[in-house]
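These notes are about the structure you will find just below.
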Amino acid sequence: MFYIALTAFYYLMLANFAAADQRRQATVGFVILAVIAVTLYHFSSLTSFERIEPWYAFVRSLPTSMWVRFVARLLLVLLLAAFSSMVVVWSGAVRFGLTYDVTTILTVVAAVPICAAVFAPMGAFLGAALHPRTVPAVVTTWYLFNAWSGGLWSAGRRPNLWISVEHILPLPAVHELSIAIAAGRWHTALPAAAAAAAWGAGAFLLASVFYARDEGERFR
Amino acid sequence: MTPLEFHAVSKVYGSRLAVRDLTFRIGTGERVAVLGRNGAGKTTLLRLALGLARPTQGRCRLFGLSPDRASARQQVGYAPQASSLRRRLKVRELIRFVCDIKGAPEPVRLVNRLGLTKVLSDQAGGLSVGQLRRLTLLLALIGQPRLLVLDEPTASLDSATRLAVWELVDEFCRDGGTLLLASHDFREVARLADRVLVLVDGGLRADSSVSALAHTAGVVALVIPGRLDVSMPEVSYVVHAEGQTVLLTRQPEAVLKRLTPGGGVVRRKPTTEEVCLALDGGRDG
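Chains as they are written, first to last, in our numbering: chain A, 7 to 226; chain B, 2 to 286.
This is the structure we're talking about:
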């Protein structure tokens, strides 16, 4: 809940200083950030807790498979992400009187699962690979890097070199793909789809390897 | 189907060898206690058995399957240490959680029998140590498991609660259940187990029935009146208690030869605890 409130707070703060015509665009950007915050922090923290807390050892002794736990966690994340998105959208409507057209709503709806599919395995990977004490710091750094890479906190002012590679970074790829799908022109966003799929699949592979490697035993 | 089988199992944490080359089999209906000092590998053995850790080498089988498999763990009831439970969850919620996962009905009779009816609406964090222990046992028994895995089930319990727990475990075993118990309490081991696995530095030093442990391990107790400071390589452990010195050794004849004659030495069968001490090979100072 903390990250949901924090993202909404950042959104209100930034949108307050944005031009009126940029606020709607900022809303979509912050919806993606909200989903990233929920998925990254939720998966990374729960995966690292699972490695060190005795309660999770007990849960893992029960007859459930790792995949059932992963899917249950993913469903919970999708629920939280949808709620977090609604908080951002609703904040924009109440505070700035924004109205949303169908395309914007569809972009938000598309962004939640796409974003979760890319960033949930990243969270699981970071939670599984890092020492639990370092997880919050690394995840926050990664989250802030992604926020910055989306251009939201730099008002689009980034080095030229950066601009040439940003389309292969996860947040811009997810952003572009969500907008393209909502607008019904997904075929124009194939590079973004490929980048998002590569990030998601890579993170999933790493998460699987690190999760299965020692079941949290390194940190006993 | 054999409830539990270890074949040449070793587990390494970083650079530390937690258990090494464990090979044993626990048949249906057996009551097995794992004994050993702190750090001897008891908890690692339980974790390997439950699929919470994977062997670095070797193979574990739970009812013929990898312990990773949910269908294997469906037949296992694990009572964790009391501190493992979520403190904020209510007793009723914990019971329902385990029942839902195991697809079992709520164990109303067992709840009554363990005296937990009045605390169903209490948070686990507000329970006494005894109530928590009973709760963990209850959670383990949900779904009628065929193998019960207990980690120090009666540590810090009062006598009445300890007896109640033992009785329930006894009943489970009488009904054909298999028991795997890790404990430091030798009375508990004598009461509940019929076979012991003694772990020393991660290795299996003895695997025997409780009654034959001393014979299997070849340990003899030599009791000498008075306090005697002994330093002999043949003596595995020295106990000073009640005005006597007990020498635990696997070479009694050699020790007797080196002792001063006429000391009134009595040779007797060691207790399970004494055998474990001797196998560990330390000194009590």
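Don't be surprised by glycine CBs; every beta carbon is placed ideally from N, CA and C.
Please read these numbers as outputs of a predicted model, since none were measured by experiment.
My assumption, with CB atoms under 8 angstroms, is that residue i sits in contact with residue j. Please give the rounded CB distance.
i: E235 of chain B; j: A255 of chain B; result: 5 angstroms
i: A80 of chain B; j: P146 of chain B; result: That belief does not hold up - the Cβ atoms of A80 of chain B and P146 of chain B are roughly 10 angstroms apart, past 8 angstroms.
i: R74 of chain B; j: S67 of chain A; result: 6 angstroms
i: L200 of chain B; j: K43 of chain B; result: 6 angstroms
i: H48 of chain A; j: V83 of chain A; result: 5 angstroms
i: I10 of chain A; j: S90 of chain A; result: 4 angstroms
i: L158 of chain B; j: V130 of chain B; result: 7 angstroms
i: V99 of chain B; j: L140 of chain B; result: 5 angstroms
i: S122 of chain B; j: R93 of chain B; result: 6 angstroms
i: S155 of chain A; j: L175 of chain A; result: 5 angstroms
i: Q124 of chain B; j: R89 of chain B; result: 6 angstroms
i: T45 of chain B; j: V13 of chain B; result: With 8 angstroms as the limit, T45 of chain B and V13 of chain B do not qualify as a contact, their Cβ atoms being about 10 angstroms apart.
i: L198 of chain B; j: Y238 of chain B; result: At roughly 19 angstroms, the Cβ-Cβ gap does not stay under 8 angstroms, so L198 of chain B and Y238 of chain B are not in contact.
From residue i to residue j, what does the alpha carbon distance come to, in whole angstroms?
i: S84 of chain B; j: A198 of chain A; result: 48 angstroms
i: R226 of chain A; j: V35 of chain B; result: In this prediction, R226 of chain A scores a pLDDT of 41, lower than 50, which makes its location untrustworthy; the coordinate-derived value is nonetheless stated afterwards. Roughly 20 angstroms separates the two Cα atoms.
i: V180 of chain A; j: L196 of chain A; result: 11 angstroms
i: L182 of chain B; j: V211 of chain B; result: 13 angstroms
i: A130 of chain A; j: A117 of chain A; result: 19 angstroms
i: V100 of chain A; j: A143 of chain A; result: 33 angstroms
i: A202 of chain A; j: L85 of chain A; result: 21 angstroms
i: Y16 of chain A; j: A122 of chain A; result: 20 angstroms
i: L211 of chain A; j: M72 of chain A; result: 15 angstroms
i: V115 of chain A; j: A88 of chain A; result: 8 angstroms
i: V220 of chain B; j: R251 of chain B; result: 5 angstroms
i: V74 of chain A; j: V65 of chain A; result: 12 angstroms
i: L248 of chain B; j: R175 of chain B; result: 37 angstroms
i: A161 of chain B; j: G116 of chain B; result: 12 angstroms
i: V94 of chain A; j: T33 of chain A; result: 7 angstroms
i: G78 of chain B; j: G178 of chain B; result: 10 angstroms
i: T110 of chain A; j: A188 of chain A; result: 8 angstroms
For residue i versus residue j, is the C-beta spacing smaller than 9 angstroms?
i: W192 of chain A; j: L46 of chain A; result: no
i: P271 of chain B; j: A215 of chain B; result: yes
i: A71 of chain B; j: T70 of chain A; result: yes
i: A204 of chain A; j: P127 of chain A; result: no
i: L280 of chain B; j: A207 of chain B; result: yes
i: L180 of chain B; j: L193 of chain B; result: yes
i: T246 of chain B; j: V231 of chain B; result: yes
i: L148 of chain B; j: L142 of chain B; result: no
i: V20 of chain B; j: V10 of chain B; result: yes
i: F7 of chain B; j: T29 of chain B; result: no
i: A54 of chain B; j: R48 of chain B; result: yes
Going by DSSP, what residue range makes up the alpha helix (DSSP H) through residue i?
i: E189 of chain B; result: 187 to 193
i: A80 of chain B; result: First-last for A80 of chain B: 77 to 80, but that is the beta strand (DSSP E), not the alpha helix (DSSP H).
i: V94 of chain A; result: 72 to 102
What are the boundary residues of the beta strand (DSSP E) that residue i is part of?
i: Y134 of chain A; result: Contrary to the premise, residue 134 of chain A reads as Ala rather than Tyr in this sequence. Not the beta strand (DSSP E): A134 of chain A falls in the alpha helix (DSSP H), residues 108 to 135.
i: R62 of chain B; result: 58 to 63
i: H216 of chain B; result: That residue, H216 of chain B, is in no beta strand (DSSP E); its alpha helix (DSSP H) goes 214 to 218.
i: P226 of chain B; result: 221 to 226
i: K12 of chain B; result: 5 to 14
i: D176 of chain B; result: Taken as a continuous stretch (DSSP letters only), D176 of chain B belongs to no beta strand (DSSP E), as it is neither H nor E.
i: Y34 of chain B; result: Checking the sequence shown, residue 34 of chain B turns out to be Ala, not Tyr. That run of the beta strand (DSSP E) goes 32 to 36.
Legend entry - Interfacial residues, the segment 17 to 36 of chain B to chain A, with Cβ spacing under 7 angstroms: none
Inset, instruction - Output, in sequence order along the chain, the residues in the segment 57 to 80 of chain A whose CB is closer than 7 angstroms to any CB in chain B. - result: P60, W61, A63, F64, R66, S67, L68, P69, T70, S71
Legend entry - Near-chain A residues of the segment 75 to 95 of chain B (beta-carbon distance less than 8 angstroms), N- to C-terminal order: Q75, V77, Y79, P81, Q82, S84, S85, L86, R87
Legend entry - Where the segment 95 to 111 of chain B meets chain A: residues whose CB sits under 7 angstroms from a CB there: V99, I102, K103
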